[in-house]
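Structure, as structure tokens:
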Amino acid sequence: MREQYYIVAEHLFCVEADDGILAQMANYEPFRTEQSNDALFSLTVTDGGPIQFIEELSQDEDGQDIVCGHTEQGEPVFEFRFGGKTAGWLVCSAGYREGMLYLSGFQSKAAVDNALMIQFAMASATLNTVLFHAAAVNLDGKGYMFLGKSGTGKSTHARLWLQNIPGTELMNDDNPAVRIKADGTAVVYGTPWSGKTPCYRNICAPLGGIVLLSQAPYNKIVRLKGIGAYAAVVPSISGKRWDSRIADGLHETENALASNVPVWHLDCLPDADAAHLCKDTIAL
Amino acid sequence: MKIKKGFVLRTVCGENVIVGEGLDAINFGRMLSLNETAAWLWKQAQEQGDFNAQSLSEALCQEYDVTPEQALQDVTETIQNWKQLGVI
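These protein sequence lines map, in sequence, to chains H and F.
According to my numbering, the stretch in the first sequence is residues 137 to 420, in order.
According to my numbering, the stretch in the second sequence is residues 165 to 252, in order.
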């Protein structure tokens, strides 16, 4: 077993695993650090399971299930299933600061990614940080995020910016992190998690706008404010809201975003005009 | 009656909103905006635990300058609304 340290969205964490697992973690390389003091959380990866636990809720997305629950002692447990088959069990303690991941031997790398995303989201929720389900692009030094339900076309809209708006770069295609800094500004960060697109960039930018996408037979964009902006943002943020400490932390960040960052709703076609309309409206 | 488990009063951009956050309310799927009086009644209902129109309107009369009849009518309407939305 070996320890490696990473920094994502300015949060330090540690992974302890054998060389076979660490060798598969190429997407984390841009985030590697020699720093090892004051890690926000640590994950130890080992073979084992099954873990017995009391189920609370099962979340299903894209053929992948995350079953949340707790042990008899009350420790949070997350079971990761792909196509109905279990890849591993994450058992957390010390307020998500310590995690043990037991691998079944099936889809080990995906289980490690899921475990780290969950621990990152939970441990940083009370530190003004949220992990989004979104695509993020960078233009002229500002970051813009595209939200929407699975299959709405977040990645497609990001790609339309890349193809049609010179100077646009992809920051992350699936799971960017956002952090509210001490001075109140929101900053978006690339992460080691980017869905099907290998875009693992250790970069950040002040968040210039958030766009909720819906498919439509036309292109139209409107500004959302107040509760509307909040309601647009909340469903795209990972969390375990039935844990009130985490819900309070997420709410604080979500409220800051809805209050301080322009939020928009874009009805759109998957075409170049949608990207131009969006950019001309939100990137001033 | 009681507030259903999992519903939380939040301040969103300066407004009072009920959101479903608990395990039993996670699929509520919408947000309920409350005016100042309704938000005050919600907090009061939470404090009382087991409440009814009478107990809330009595509390309302003590806090605000309102006749018992008016208070009871306002509270009854608010409770009716919450019942329809399934938050109590």
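A virtual CB, placed ideally from N, CA and C, is assigned to each residue, including glycine.
What is the residue span of the beta strand (DSSP E) that residue i lies within?
| i | result |
| --- | --- |
| asparagine 308 of chain H | 305–308 |
| isoleucine 187 of chain H | From DSSP, isoleucine 187 of chain H is part of no beta strand (DSSP E); its letter is neither H nor E. |
| proline 342 of chain H | 340–351 |
| asparagine 180 of chain F | 179–184 |
| leucine 148 of chain H | 147–153 |
| alanine 322 of chain H | 322–325 |
| glutamine 160 of chain H | Where glutamine 160 of chain H is concerned, there is no enclosing beta strand (DSSP E), given that its DSSP letter is neither H nor E. |
| leucine 187 of chain F | Run containing leucine 187 of chain F: none; DSSP gives neither H nor E here. |
Hey, residue i and residue j are a contact pair by Cβ (cut 8 Å); roughly how many whole angstroms apart?
| i | j | result |
| --- | --- | --- |
| valine 323 of chain H | alanine 368 of chain H | The pair is not a contact, with the Cβ atoms about 19 Å apart (cut-off 8 Å). |
| arginine 381 of chain H | proline 166 of chain H | Wrong, their Cβ atoms sit about 31 Å apart, outside the cutoff. |
| leucine 239 of chain H | aspartate 183 of chain H | 5 Å |
| valine 213 of chain H | leucine 386 of chain H | About 20 Å separates the two Cβ atoms, so there is no contact after all. |
| alanine 419 of chain H | glycine 326 of chain H | Alanine 419 of chain H to glycine 326 of chain H, Cβ: 19 Å. No contact. |
| asparagine 274 of chain H | glutamate 388 of chain H | Not really, about 26 Å apart at Cβ, beyond 8 Å. |
| tryptophan 297 of chain H | asparagine 311 of chain H | 18 Å between Cβ atoms; not a contact. |
| glutamate 185 of chain F | tryptophan 378 of chain H | 6 Å |
| phenylalanine 256 of chain H | valine 181 of chain H | With 8 Å as the limit, phenylalanine 256 of chain H and valine 181 of chain H do not qualify as a contact, their Cβ atoms being about 15 Å apart. |
Taking the straight line between their C-alpha atoms, what separation do you get for residue i and residue j?
| i | j | result |
| --- | --- | --- |
| serine 372 of chain H | glycine 156 of chain H | 33 Å |
| serine 178 of chain H | glutamate 139 of chain H | 9 Å |
| valine 248 of chain H | glycine 224 of chain H | 8 Å |
| phenylalanine 171 of chain F | valine 183 of chain F | 6 Å |
| threonine 288 of chain H | alanine 294 of chain H | 12 Å |
| lysine 376 of chain H | aspartate 198 of chain H | 19 Å |
| methionine 307 of chain H | methionine 137 of chain H | 32 Å |
| phenylalanine 268 of chain H | glutamate 233 of chain F | 49 Å |
| phenylalanine 218 of chain H | aspartate 409 of chain H | 37 Å |
| glycine 277 of chain H | proline 406 of chain H | 25 Å |
| leucine 193 of chain H | cysteine 204 of chain H | 5 Å |
| isoleucine 301 of chain H | lysine 415 of chain H | 8 Å |
| tryptophan 246 of chain F | alanine 392 of chain H | 28 Å |
| tyrosine 79 of chain H | glycine 210 of chain H | The first residue shown for chain H is 137 and the last is 420, placing residue 79 of chain H beyond what the model contains. |
| threonine 262 of chain H | cysteine 177 of chain F | 19 Å |
| alanine 411 of chain H | alanine 272 of chain H | 13 Å |
| threonine 207 of chain H | glycine 185 of chain H | 13 Å |
| aspartate 238 of chain F | proline 334 of chain H | 57 Å |
| valine 370 of chain H | alanine 383 of chain H | 11 Å |
| glutamate 234 of chain H | threonine 175 of chain F | 32 Å |
| glutamate 146 of chain H | glycine 241 of chain H | 31 Å |
| glutamate 179 of chain F | alanine 246 of chain H | 41 Å |
Please list the terminal residues of the continuous alpha helix (DSSP H) segment that includes residue i.
| i | result |
| --- | --- |
| glutamine 243 of chain H | Run containing glutamine 243 of chain H: none; DSSP gives neither H nor E here. |
| valine 239 of chain F | 232–249 |
| tyrosine 228 of chain F | Segment: none, tyrosine 228 of chain F is in no alpha helix (DSSP H) and carries neither H nor E. |
| threonine 389 of chain H | 380–396 |
| cysteine 228 of chain H | Note, cysteine 228 of chain H: premise wrong, no alpha helix (DSSP H); beta strand (DSSP E) at 221–229. |
| leucine 205 of chain F | 200–212 |
| threonine 417 of chain H | 408–418 |
| alanine 175 of chain H | No alpha helix (DSSP H) contains alanine 175 of chain H, which DSSP labels as neither H nor E. |
| isoleucine 96 of chain H | The requested residue 96 of chain H is not part of the displayed model; chain H covers only 137 to 420. |
Using only the heavy atoms of the ligand GTP, determine whether one of them is closer than 8 Å to the beta carbon of residue i.
| i | result |
| --- | --- |
| alanine 217 of chain F | This structure does not include the ligand GTP; it has no bound ligands of any sort. |
Could I get the ranges of all uninterrupted alpha helix (DSSP H) runs contained in the region 245–315 of chain H, with 4 residues as the minimum, in chain order?
Entirely contained in the region 245–315 of chain H, the alpha helix (DSSP H) runs reaching 4 residues are, in chain order, 290–300.
Could you tell me whether the region 211–219 of chain F touches the region 390–407 of chain H, where touching means 3 or more Cβ pairs closer than 8 Å?
Output reads no: the region 390–407 of chain H does not touch the region 211–219 of chain F.
Taking one C-beta from the region 227–238 of chain H and one from the region 341–352 of chain H each time, how about it: are there three or more such pairs within less than 8 Å?
No, because fewer than three Cβ pairs between the region 227–238 of chain H and the region 341–352 of chain H fall closer than 8 Å, the two stretches do not touch.
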